[in-house]
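Reading through the structure tokens given below for one structure.
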Amino acid sequence: MRGPQRPGPATRGDLPPELTAFVGRSAELAGLAEAMGTARLVTVTGVGGVGKSRLAARAAARSAPGNAVCWVELSPVRDPQSVHYALAEALGLTDHTTRTPVEVVCRHLADRPALLVLDGFEHQVEAVSLLVSRLLRELPGLRVLAAGRRPLGLTGERLFPLAPLTGDEAVELFVDRARQHGLEPADGPAVRELCDRLEGLPLAVELAAGRLRALSPAQLLQRLDDRFRLLTGGDRDALPRHRALRTAIGWSHELCTPAERLLWARLSVFARTFDLEAAEYVCSGDGLAAEDVLDVLAELLAQSVLTREEGRAGPRYRMLDTVREYGSDWLEATGDAPRLRRRHRDWYLGLATWCELDWFSPRQREVAARVEAELPNLRVALEFCLTEPDEAHLGQYLAGSLWFCWAGCGRLSEGRRWLERSVELDSGYERSRLKALWVLGYVAVLQGDTVPALAALRECREQAEQVADGAAMAYAEHRTGCLALVTDDMGRAETLLRSALERYREIGELNSNVLMGQVELAMARAFQGDLPDAVRLCEDVRRVCEDHGERWARSYALYVLAYAAWRDGDPVAARELLQDCLEDAHTFRDLLGSVLCIELLALVTVGQGDPAEAAVLQGAAARLWPSVGLPLFGSAYYNAPHELCETAARRALGDGRYEECVREGARLDRDAAVARALGHGGVRPLPALPAPRGPVPSEGEAGKREPAASPTRKGGETAG
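Numbering follows the numbering used here, with no gaps: position 312 of the sequence shown is 307.
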């Protein structure tokens, strides 16, 4: 598996590549472009398999240059509230505040032209309609292209009904897909009759082409006619229009072997994509051996029942919605659906447990990529646990085990929603609920939501004491200390963090969370004037992280060490440490770590003699802070580097030039800001000039309290 790629603003590259190539439809494409030019909301409607998604993808790819284009796939979304998170995720947005995903999206797209493509929304039409109505009302530069089986029903919506392919286009598609299977069928009467009987529905035509390895076009036509006669009593004209697709899917299903039909039905429990390991576990047993799943899956792939795609976490498989629906109906009819859903839940519960353990390992980046790919399936597993009787404790455990996804990979808002839902349930399993409670408190701390954070952590600690759960007591105490740290209560922070670290040692706990606790203690020591002790603590964290291949907690230790290097008059070493830190923080979508690195890099930069570039970096940081929350937590300790840098840059540039440079930095998006800070944005390496030694120059309150490092961002628990 490969590590995660850095998220960025939506571009045409976000369009599914398998949808942008299709046969025919030139007239429809021109008509859709005309509709999009006259209406802000256009909905492509039509029956399943008619090619709505493909046409929308091609139209979006040809949309006006300069527009951000975002593709949002809604078919895997089972919970109406998750529609908003799917949109924010598609835009690559990370926000650590308590703002709703819609508020975050509106802020991101304000004053910029954008095209939003919503695919497969019909099962969540009410939630999507409300969302689109608000977005169009608040974002004058936004246009929406929707593709679904029914309209959204909004005022101003322009409908674009999509008809099946013409006869020639259907034949062209059939021949094209056959060639993809290494076959060269002639354009003869049997092919044309087959395409006509399939009513030119692209999906039906593709399924038929996938059968050419075993049957000739004439044989395919004969079998299709046999099924039509079975459904209509022999009257060719009695078949309702557009029943052809379901007939073709059913006919393709009948041509499958028993093992292929069984796997087809069982694969319908997955949301969006899945990998081979998941399919082998979830779908095996009761007539299908695990070692046979690969061969059967390969046959379904060859028959166009499945598609294969390369993802960031390796090869994955996908079943089109209409095909999945047929398999799901078949699974329900067999009475095996509840068992398969439990197996699906069990697999993703195990995956979350494995990922939590492997977060503290050299595979940390792989874990981040894997969880990102599996989020739709994890959401299905969470929903199952939180809605099925006697499953609440597993939902609490799953929501808590995914702390590294919520806090470590920038999904605080979504994580908080699942955690709050889980702790509201009476599971009867205290340990699972305690874990969900401390993770909920941790997430609320990171969002700057002090009162709910304290309430969750206090409840966790009190209940942990009653049941003598040492791990939960340690985590609750740790996160309460973290809250004291970011609210400038350094004495209390040190007391709580030292106590939590001692508890961790007593129970033998060592992971990213424990190491973050040590970094946070180092910050408290530095803020109280003991920088050498802070360095000692962080050098120890750095050593342990490098021994275990851990990159995320290590990045915060590097931040403290970079500040110490700057204070010791070594800006070159400080810059190297900060750039190393920033690369990892950005990879993990850690906004707070990223923005704090950029702030300190600005201070290093002004000390190296380039106040203009320092001001640009401050402007870039200023744009990121609203997504983190209150800038620098409103803390005089954390704000000191910013104030020192601004004072020096203004003195060197003058107010006018300083503000001009800040505005230049504020135009950089997150990726561009990080690239600029890392020296990939055309910035020349700076000469090594002396940095201040000894006490930091006073500048109001900032001079009285010495900054050291970043506050906590994350932590972890090995097994709950």
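Note that beta-carbon positions come from the ideal geometry of N, C-alpha and C, so glycine has one too.
State the DSSP-derived secondary structure class of S433, mapped to helix, strand or coil. In the sequence as displayed, the identity of residue 433 is Trp instead of Ser. Helix, per DSSP.
Between R679 and the rest of its own chain, which residues show a CB-CB distance below 7 angstroms, the 5 nearest in sequence each way excluded? Unreliable placement is indicated for R679, whose pLDDT of 38 sits below 50; no coordinate value is reported for it.
Keeping to the same chain, check which residues put their C-beta closer than 6 angstroms to that of G689; ignore five residues upstream and five downstream. Only weak support is given to the placement of G689: the predicted model assigns it a pLDDT of 37, under 50, and the value that follows is read from those uncertain coordinates. Nothing listed; no residue qualifies.
Taking contact to mean 3 or more Cβ pairs, one atom from each stretch, closer than 8 angstroms, check whether the segment 428 to 445 and the segment 369 to 382 are in contact. Taking 8 angstroms as the limit for Cβ pairs, the verdict is that the segment 369 to 382 does not touch the segment 428 to 445.
List the endpoints of the continuous alpha helix (DSSP H) containing D528. Bounds of the alpha helix (DSSP H) holding D528 are L526 to H543.
So does Q119 have its beta carbon nearer than 7 angstroms to some heavy atom of the ligand COA? Of ligands this structure carries none, so the ligand COA is not represented either.
C-alpha distance - G148 paired with L202, whole-angstrom precision: So the two alpha carbons sit approximately 32 angstroms from each other.
DSSP state of V42 mapped onto helix, strand, coil: In this structure, V42 counts as coil in the three-state DSSP scheme.
Do A467 and C455 count as a contact pair if the criterion is CB distance below 8 angstroms? In this structure, the beta-carbon distance from C455 to A467 falls below 8 angstroms.
So, are the CB atoms of V440 and R406 less than 8 angstroms apart? No, they are not a contact pair.
Which partner residues does W66 have in the DSSP bridge list? Secondary-structure assignment with DSSP links W66 through a beta bridge to V112.
Grab me the residues of S70's own chain with a C-beta within less than 6 angstroms of its C-beta, minus the 5 sequence neighbours each way, in chain order. Result list for S70: G115 and D316, in chain order.
CA-to-CA distance, V300 to A569, given in whole angstroms: Going from the Cα of A569 to the Cα of V300 covers about 55 angstroms.
Where in the segment 426 to 482 do unbroken runs of the alpha helix (DSSP H), each at least 4 residues long, occur, reported from the N-terminal end onward? Counting whole runs of 4 or more residues, the segment 426 to 482 contains the alpha helix (DSSP H) stretches 445 to 462 and 465 to 481.
Determine the direct distance from the alpha carbon of E578 to that of R(-3), and round the result to whole angstroms. The predicted position of R(-3) is uncertain, since its pLDDT is 33 and thus under 50; no value can be drawn from it.
Alpha carbon to alpha carbon, what distance is there between C576 and R646? One alpha carbon belongs to R646, the other to C576, and they sit about 29 angstroms apart.
Check whether the segment 139 to 147 touches the segment 37 to 46, counting contact only when three or more Cβ pairs, one atom from each stretch, lie closer than 8 angstroms. Between the segment 139 to 147 and the segment 37 to 46, the count of Cβ pairs shorter than 8 angstroms is three or higher; the stretches touch.
Quick one: is L110 buried, meaning 16 or more other Cβ sit within 10 Å of its Cβ, or exposed? Looking at its Cβ environment, which holds 16 or more other Cβ atoms inside 10 Å, L110 is buried.
Between V166 and the rest of its own chain, which residues show a CB-CB distance below 7 angstroms, the 5 nearest in sequence each way excluded? Hits under 7 angstroms: D182, V186, R187 and C190.
Given this structure, state the Cα-to-Cα distance separating S396 from E68, to the nearest angstrom. Rounded to whole angstroms, the separation of the alpha carbons of E68 and S396 is 26 angstroms.
When DSSP labels each residue in this structure, what does V514 get in the three-state scheme? The answer is helix: DSSP assigns V514 an H, G or I state.
According to DSSP, is R303 helix, strand or coil? Three-state result, R303: strand.
V418: first and last residue of the uninterrupted beta strand (DSSP E) it sits in: No beta strand (DSSP E) holds V418; the alpha helix (DSSP H) holding it covers L407 to V418.
Distance between L346 and E275 (C-alpha atoms, nearest Å): Approximately 14 angstroms, taken between the alpha carbons.
Going residue by residue through the segment 79 to 107, where are the continuous alpha helix (DSSP H) segments of at least 4 residues, counting only ones entirely within it? 96 to 104, all fully within the segment 79 to 107.
Could you give the DSSP three-state label for T329: helix, strand or coil? In the structure shown, T329 sits in a helix (DSSP, three-state: H, G or I).
Determine the direct distance from the alpha carbon of R426 to that of Q461, and round the result to whole angstroms. Straight-line Cα distance between these residues: approximately 12 angstroms.
Please identify the residue among F155, P75 and G205 whose C-alpha is closest to the C-alpha of F169. Of F155, P75 and G205, the residue nearest in Cα terms is G205.
What residue range does the alpha helix (DSSP H) around R671 cover? From DSSP, the alpha helix (DSSP H) with R671 extends over R665 to A672.
Starting from the Cα of L196, find the closest Cα among V555, I244, L210 and V375 and give me that residue. Nearest Cα to L196 within the set V555, I244, L210 and V375: I244.
When you compare only the Cα positions, how much space is there between R311 and R303? Taking the straight line joining both Cα atoms gives about 6 angstroms.
Quick one: what does DSSP say G486 is sitting in, helix, strand or coil? Residue state, collapsed to three classes: helix.
Alpha carbon to alpha carbon, how far is V514 from G19? Distance between the alpha carbons of V514 and G19: 60 angstroms.
What is the rounded straight-line gap between the Cα of E121 and the Cα of V97? Approximately 16 angstroms between the Cα atoms of the pair.
From the DSSP output, read off the bridge partner residues of F379. Here F379 is not bridged, per DSSP, to any residue.
Measuring straight from C-alpha to C-alpha, what distance separates C251 and A173? When rounded, the separation of the alpha-carbon atoms in C251 and A173 is 18 angstroms.
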